[in-house]
Amino acid sequence: MAFPKHGRHERRGPSTHVIIFGSIFVAFLLIGAWVYTSPTPIEEVIETKTVSQTSNLDKNGRSEMLEQTRVTSSQREREEEAKELEAEEAKDADSDDKMDEVEDRSEEVTDEPTKREEEGPEVDESTILDKSMEEAKAEEAKAQEAKSEETDDIENVTSKVDNESGDSEAVKKDSKLEVAGKEELLEEKTGKQDAEDLPPTDSTESETNPDSGDDLSSSWKSQDKESKEEKEVIKNNAADEGDPDVVPEVHASEETEAVNPTEEEKKIAEDQKLATTPIVIQEEVAKTEVEKYKWKLCNWSGAQDYIPCLDNKKWLSIHRQRKHYEHRERHCPTREELPKCLVPLPPGYKAHIKWPESRSEAWYDNVPHVGLVQYKKDQNWVKKQGEKLIFPGGGTQFKHGAGHYIDWVQKIYPAIGWGKHTRVLLDVGCGVASFGGYLYDRDVLAMSFAPKDEHEAQVQLALERGIPAFSSVMGTQRLVFPSNSFDVVHCARCRVPWHVDGGMLLLELNRVLRPGGHFLWSATPVYQDLEEDKQIWKDTIAVIEAMGWKMKVKETDEETQIGVAIFQKPLTNEIYETRTVDKPEMCSPENNAHAAWYVKMEACIHKIPDTKRSQWPEEWPLRATAVPSWLDKKDIGLYGKPAPDDFLSDTEHWERVVSKTYMDGLGIDWSTIRNVMDMKAGYGGFAAALVSQKLWVLNIVPITEPDTLPIIYDRGMIGMYHDWCEPHSTYPRTYDLLHADHLISSVKEKKCSIVHLVMEMDRILRPDGWAIFRDEKSNLAEVEEIAKSLHWDIKLTFAKQNEELLAVQKKFWRPDSTS
Numbered sequence: 001m002a003f004p005k006h007g008r009h010e011r012r013g014p015s016t017h018v019i020i021f022g023s024i025f026v027a028f029l030l031i032g033a034w035v036y037t038s039p040t041p042i043e044e045v046i047e048t049k050t051v052s053q054t055s056n057l058d059k060n061g062r063s064e065m066l067e068q069t070r071v072t073s074s075q076r077e078r079e080e081e082a083k084e085l086e087a088e089e090a091k092d093a094d095s096d097d098k099m100d101e102v103e104d105r106s107e108e109v110t111d112e113p114t115k116r117e118e119e120g121p122e123v124d125e126s127t128i129l130d131k132s133m134e135e136a137k138a139e140e141a142k143a144q145e146a147k148s149e150e151t152d153d154i155e156n157v158t159s160k161v162d163n164e165s166g167d168s169e170a171v172k173k174d175s176k177l178e179v180a181g182k183e184e185l186l187e188e189k190t191g192k193q194d195a196e197d198l199p200p201t202d203s204t205e206s207e208t209n210p211d212s213g214d215d216l217s218s219s220w221k222s223q224d225k226e227s228k229e230e231k232e233v234i235k236n237n238a239a240d241e242g243d244p245d246v247v248p249e250v251h252a253s254e255e256t257e258a259v260n261p262t263e264e265e266k267k268i269a270e271d272q273k274l275a276t277t278p279i280v281i282q283e284e285v286a287k288t289e290v291e292k293y294k295w296k297l298c299n300w301s302g303a304q305d306y307i308p309c310l311d312n313k314k315w316l317s318i319h320r321q322r323k324h325y326e327h328r329e330r331h332c333p334t335r336e337e338l339p340k341c342l343v344p345l346p347p348g349y350k351a352h353i354k355w356p357e358s359r360s361e362a363w364y365d366n367v368p369h370v371g372l373v374q375y376k377k378d379q380n381w382v383k384k385q386g387e388k389l390i391f392p393g394g395g396t397q398f399k400h401g402a403g404h405y406i407d408w409v410q411k412i413y414p415a416i417g418w419g420k421h422t423r424v425l426l427d428v429g430c431g432v433a434s435f436g437g438y439l440y441d442r443d444v445l446a447m448s449f450a451p452k453d454e455h456e457a458q459v460q461l462a463l464e465r466g467i468p469a470f471s472s473v474m475g476t477q478r479l480v481f482p483s484n485s486f487d488v489v490h491c492a493r494c495r496v497p498w499h500v501d502g503g504m505l506l507l508e509l510n511r512v513l514r515p516g517g518h519f520l521w522s523a524t525p526v527y528q529d530l531e532e533d534k535q536i537w538k539d540t541i542a543v544i545e546a547m548g549w550k551m552k553v554k555e556t557d558e559e560t561q562i563g564v565a566i567f568q569k570p571l572t573n574e575i576y577e578t579r580t581v582d583k584p585e586m587c588s589p590e591n592n593a594h595a596a597w598y599v600k601m602e603a604c605i606h607k608i609p610d611t612k613r614s615q616w617p618e619e620w621p622l623r624a625t626a627v628p629s630w631l632d633k634k635d636i637g638l639y640g641k642p643a644p645d646d647f648l649s650d651t652e653h654w655e656r657v658v659s660k661t662y663m664d665g666l667g668i669d670w671s672t673i674r675n676v677m678d679m680k681a682g683y684g685g686f687a688a689a690l691v692s693q694k695l696w697v698l699n700i701v702p703i704t705e706p707d708t709l710p711i712i713y714d715r716g717m718i719g720m721y722h723d724w725c726e727p728h729s730t731y732p733r734t735y736d737l738l739h740a741d742h743l744i745s746s747v748k749e750k751k752c753s754i755v756h757l758v759m760e761m762d763r764i765l766r767p768d769g770w771a772i773f774r775d776e777k778s779n780l781a782e783v784e785e786i787a788k789s790l791h792w793d794i795k796l797t798f799a800k801q802n803e804e805l806l807a808v809q810k811k812f813w814r815p816d817s818t819s
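Okay, so the sequence shown: first residue is 1 according to the UniProt record's numbering, each after it adds one.
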């Protein structure tokens with residue numbers, strides 16, 4: 001049967017109003033999908049703008065950006081857009097509230113330090129924690145990459161929006177961008193510093209310009225690399241010459257085995273209680289590792305004055321070399337042998353006397369040694385009066401006091417220019433360092449050194465007085481200083497045989513003395529007529545003349561009958577090119593004068609740099625902040641900028657940090673701070689920022705960092721190379737403040753022990769002394785845990801993003817149990 005046209009179909013189809021209703025419903029679904037997916041891609045476009053642009057956008061600006069990025073749509077879509085914008089603004093307001101909470105949390109200090117902060121001075125958060133340059137570069141690179149990706153994807157994203165499609169991967173990506181946007185806004189709120197003014201997280205990652213000049217390029221290598229290359233050259237030269245006296249180089253932390261060590265080791269084990277350094281038994285090491293941070297007190301004879309690398313009883317018992325003072329050089333125990341214990345305090349130890357009174361007196365209980373009082377009682381070195389040691393300022397060569405001697409030298413040789421032309425001085429065989437102590441009044445920084453125990457505790461007494469000094473010896477290894485650095489080298493009855501071994505020790509002075517610098521020699525061969533003295537003078541002068549030094553003055557003080565001879569190092573290589581003698585020979589071109597870490601001395605003359613490096617720096621105090629003339633814009637500095645700009649940015653940064661945060665924000669009583677060590681000094685900006693304070697800073701350039709120590713000396717500061725995987729050569733309780741800017745990151749990168757490093761800091765710090773750490777949060781979390789186990793006071797922890805500042809103060813606590 002045939003159906004009428006459309007008859008049956010119309011009866012079953014929907015009515016007209018149903019069709020209209022369905023169409024509207026579908027339209028709303030599509031609009032809903034568009035509303036759901038559009039905000040995030042729109043924010044993606046917004047994120048392509050810079051942080052500064054983002055901060056300047058108001059709500060109308062956002063609306064304009066939305067209109068610019070949207071493809072032409074119907075009037076209905078524009079109406080929906082307005083609704084969506086209102087929703088987005090509400091969402092942004094809620095987001096801002098949440099970010100305020102995040103900001104509060106990100107800058108939150110620990111409960112106890114927070115209380116201290118409320119009681120103490122206000123801290124300038126803009127200088128407490130600046131981001132590292134590497135972080136800034138990484139963020140900039142990420143931002144550029146995000147820009148590129150977002151620009152390429154804008155058309156696809158907007159196309160997907162218009163086609164009402166929801167891609168799950170796009171949603172994930174948009175979520176990440178939204179988080180990044182919040183972080184950028186958070187940085188705006190917390191007052192983010194300009195990245196170019198900030199020091200880096202870890203300068204080991206910075207690169208120098210490979211096309212730079214030879215001198216600058218060489219000086220910017222790490223000391224570790226320079227020394228390894230130099231050792232290889234020495235080894236090859238010795239092999240070629242078949243020198244039987246050359247002993248293979250052994251790193252101080254790598255113990256050599258005796259030929260028949262068994263009996264020696266048994267004897268050491270039996271005499272352990274009397275030994276200077278205990279032998280740590282493996283089982284005991286394992287036990288202390290299980291008991292995390294459970295400290296014990298070092299308990300053996302001499303433990304209170306223990307210097308691990310100079311008191312290595314095991315090495316001394318196996319090696320018998322004494323001819324060249326090998327037994328006074330550094331021989332560090334291995335990590336396994338290093339005792340995990342804390343050095344005890346001398347009975348009756350008390351807070352040190354403040355400078356400048358400390359130059360003249362010290363508590364006897366702090367350095368309870370009377371050997372010098374007896375041995376030098378007729379030479380006016382030190383006397384004991386009641387509870388104090390008194391330092392009259394005299395010495396073997398200073399019969400009328402060190403001050404009189406200093407003024408007399410200025411009188412007979414005005415060109416010395418104390419405190420102007422002459423700023424940094426090396427004092428060899430310093431005694432109790434009265435010479436350096438009184439030079440401080442003339443704006444001269446003296447780096448004084450003497451062998452440990454040559455005279456009882458002389459360097460320890462110098463440091464207790466607040467005078468720069470360290471234990472070392474002129475033996476077989478180069479001094480731990482860069483070449484061409486000291487303005488003056490001084491020897492007053494220092495008992496160094498300058499004339500022996502082809503003048504090797506005098507040639508080492510030539511290496512570290514700046515071109516045009518002076519050598520002051522005040523000893524009996526200069527002014528006495530004994531036959532032995534005459535012969536020493538003759539032999540020494542022969543070496544001096546062969547080196548091209550010129551004697552400027554030779555005088556005897558009528559009042560004291562003490563004489564001095566003053567010599568000057570040449571300014572150029574001209575004298576070497578015309579000399580008629582061939583001994584000492586010139587060093588080979590492969591011989592690196594900068595290499596100084598466990599490098600053997602050689603009896604040869606290093607050429608003077610034929611670059612601006614040989615020019616004399618600005619007079620003090622201008623040289624403290626002046627850019628060294630040999631820094632070239634074509635060379636890349638530590639933090640990625642042209643070297644001169646890098647230097648200036650670093651100087652400005654530390655001036656800001658020290659003045660706005662360190663001086664008033666940490667609760668430090670700076671009148672008690674005299675001896676300071678910057679454990680990772682960079683350009684020396686931290687020390688330069690403190691020149692107005694009555695203190696001195698020992699700038700350490702770790703051997704794995706770019707070699708910036710020549711820059712530090714050029715600006716009139718003192719410093720030395722060191723490897724923080726090993727203990728330092730200073731006595732216990734000798735520094736008031738240790739500054740560690742991203743040092744923990746460097747040590748961890750070398751896979752060295754953070755526990756050993758903090759234990760070493762505890763050894764070096766005086767009770768009531770301070771340590772300031774700046775590093776990544778994760779690293780300082782471990783340091784804070786160790787510090788608490790040592791009963792140090794956590795004075796301040798301040799976190800900003802992934803960076804943290806930690807200020808702690810060591811107390812008088814010592815563990816009850818002994819090792």
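Where is the CB? At the ideal position from N, CA and C, for every residue including glycine.
Bear in mind the structure is a predicted one, so any value in this text is a computation, not a measurement.
For residue 437, no beta strand (DSSP E) segment is defined; the enclosing uninterrupted segment is the alpha helix (DSSP H) at 434-439. Taking the Cα positions, residue 603 is about 32 Å away from residue 618. Within the same chain, and ignoring the five residues on either side of residue 224 in sequence, the residues whose Cβ sits closer than 8 Å to its Cβ are 597, 703, 704, 723. Around residue 714, the same chain offers 617, 628 as residues with beta carbons nearer than 6 Å, after the five sequence neighbours per side are excluded. Listed in chain order, the non-local C-beta contacts of residue 473 below 7 Å within the same chain comprise 325, 328, 329, 451, local neighbours out to five positions each way being set aside. The Cβ atoms of residue 563 and residue 526 sit closer than 7 Å to each other.
If you draw a straight line from the Cα of residue 309 to the Cα of residue 463, it comes to about 18 Å. In the structure shown, residue 717 falls within a coil segment according to DSSP collapsed to helix, strand and coil.
Cβ neighbours of residue 599 within its own chain (closer than 7 Å, five residues either side excluded): 227, 230, 231, 477, 478.
It is roughly 11 Å from the alpha-carbon of residue 620 to the alpha-carbon of residue 717. Only residues of its own chain outside the window of five on either side were considered, and among them 703, 704, 705, 706, 707 have a CB closer than 7 Å to the CB of residue 222, listed in chain order. Straight-line spacing of the CA atoms in residue 350 and residue 444 works out to 30 Å. With a contact defined as Cβ atoms closer than 8 Å, residue 357 and residue 390 miss out at about 11 Å. Of all C-beta pairs linking the region 606-615 to the region 423-440, fewer than three are shorter than 8 Å, placing the two stretches out of contact. Within the region 525-598, the complete alpha helix (DSSP H) segments of 4 residues or longer fall at 531-546, 574-578, listed in chain order. Taking the C-beta atoms as reference points, residue 566 is found nearer than 7 Å to residue 553. As DSSP reads the structure, residue 492 sits in a beta bridge with 522. The alpha-carbon of residue 468 is positioned some 10 Å away from that of residue 674.
Taking residue 736 as reference, the option from 698, 779, 727, 721 with the minimal CA-CA separation is 698.
One alpha carbon belongs to residue 448, the other to residue 381, and they sit about 16 Å apart. Between residue 720 and residue 340 the beta-carbon gap is near 26 Å, outside 8 Å, which marks them as no contact. Under the three-state reduction of DSSP, residue 502 is assigned to helix.
Taking C-beta separations shorter than 6 Å and ignoring five residues to either side along the sequence, the partners of residue 518 in its chain run 488, 566, 568, following chain order.
In this structure, DSSP gives residue 305 a helical state, which the three-state scheme calls helix. DSSP, reduced to helix, strand and coil, places residue 675 within a strand of the structure shown. Assigned with DSSP and collapsed to three states, residue 457 falls in coil, not helix or strand. Secondary structure at residue 757: helix, using DSSP grouped into helix, strand and coil.
In terms of Cα proximity to residue 586, the closest of 548, 664, 556, 386 is 548.
The C-beta of residue 28 has fewer than 16 other C-beta atoms within 10 Å across all chains shown, which makes the residue exposed. Considering only 772, 730, 765, the residue with the shortest C-alpha distance to residue 744 is 772.
When the alpha-carbon of residue 556 is set against those of 425, 761, 637, 411, the nearest one is in 411. The beta carbon of residue 777 sits closer than 8 Å to the beta carbons of 799, 802, 803, 804 from its chain, once the five residues preceding and following it are set aside; these are given in chain order.
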